[in-house]
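Residue numbers (our numbering): -3 to 295.
Take a look at the structure set out below.
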């Protein structure tokens, strides 16, 4: 019995040490020489795949700058591995240490702050509705009896249902496994509308076979801070990542990235998203913060 208790104590100690190591990103990458970036396949211009294991986008570039500073702090060359994540698994993969930094399109809210931490807000999103241009739909009130698509693991449909303009509007929900799958539901007529972050809608429309066939309509359903996600309880990495973002804002690099990814032609089709810098995003840059969605006043 004594031997079993000692073995159990050692096992618990080992698991605790492993957890502490996972939470200490600098120590982890110093020891392994590897850092893992969580990336998205189709999160609009924020993070998307070019194929053949290559990724790019606005948040991808910001994360790459953060990891360059992490490499300097580690004092050794770091191999960057890319782990595709979905709306469903992104938080668990950050929590369990599979992913060191998630560079997609994640909303910072109070519920998620219980499980993960967020770097300073780099993008403030407006949730909107995409429809076929020929649909005649121009507002939330016209979704009654329609089929609305969104992506599994996101909060967009809940946001729509809570919106006062949707009171009494009865619609059916269908779910795509990722954002491109959700857009495909709209594109193929299996859904009448796709509710999601405006940048993701714009990005998917820009890369559609016939972009002119779609448009973003209706009221702004919610205003949400989108941020890069890291593990909780790693204050050093949080501070370092925040400092990187502050430096990019101060130098003007962040504004240049916005112009590059949202106002200029982007690969692979050299199409333009055409998303102007919003007043909310400008304010987040002028006053760097990691406030959750609940702190924003709904429009």
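Beta carbons are placed, not taken as given, at the ideal position from N, Cα and C, and that holds for glycine.
Predicted, not measured: the structure shown is a model, and the values here were computed from it.
Could you compute how far the alpha carbon of residue i sits from the alpha carbon of residue j?
i, j, result
"residue 164", "residue 173", "28 angstroms"
"residue 147", "residue 277", "24 angstroms"
"residue 155", "residue 230", "31 angstroms"
"residue 97", "residue 225", "6 angstroms"
"residue 17", "residue 176", "For residue 17, the predicted structure reports a pLDDT of 48, less than 50, and the residue's modelled location is therefore unreliable. A value from the coordinates is still provided. Straight-line Cα distance between these residues: approximately 36 angstroms."
"residue 28", "residue 216", "45 angstroms"
"residue 143", "residue 262", "31 angstroms"
"residue 45", "residue 91", "23 angstroms"
"residue 25", "residue 83", "25 angstroms"
"residue 194", "residue 135", "15 angstroms"
"residue 186", "residue 145", "9 angstroms"
"residue 140", "residue 270", "30 angstroms"
Residue i: buried (16+ other C-beta within 10 angstroms of its C-beta) or exposed?
i, result
"residue 40", "buried"
"residue 30", "exposed"
"residue 289", "buried"
"residue 89", "buried"
"residue 221", "buried"
"residue 235", "exposed"
"residue 295", "With a pLDDT of 45 at residue 295, under the threshold of 50, the modelled position of this residue cannot be trusted, and the question is left open."
"residue 49", "exposed"
"residue 272", "exposed"
Please state the DSSP three-state secondary structure of residue i.
i, result
"residue 219", "strand"
"residue 140", "coil"
"residue 84", "coil"
"residue 345", "One cannot answer for residue 345 here, as it falls past the ends of the chain, which runs -3 to 295."
At what residues does the beta strand (DSSP E) containing residue i begin and finish?
i, result
"residue 124", "119 to 128"
Provide the residue span of the alpha helix (DSSP H) that contains residue i, from first to last.
i, result
"residue 58", "54 to 70"
"residue 186", "Here residue 186 belongs to no alpha helix (DSSP H), and DSSP marks it neither H nor E."
"residue 253", "249 to 258"
"residue 157", "152 to 158"
"residue 195", "194 to 202"
Exercise. Is the stretch 238 to 256 touching the stretch 113 to 123 in the sense that three or more CB pairs, one from each, lie closer than 8 angstroms?
Worked result: yes
Exercise. When the Cβ atoms of the stretch 67 to 76 are set against those of the stretch 207 to 216, are three or more pairs found closer than 8 angstroms?
Worked result: no
Exercise. Between the stretch 56 to 73 and the stretch 125 to 140, do three or more beta carbon pairs fall short of 8 angstroms?
Worked result: no
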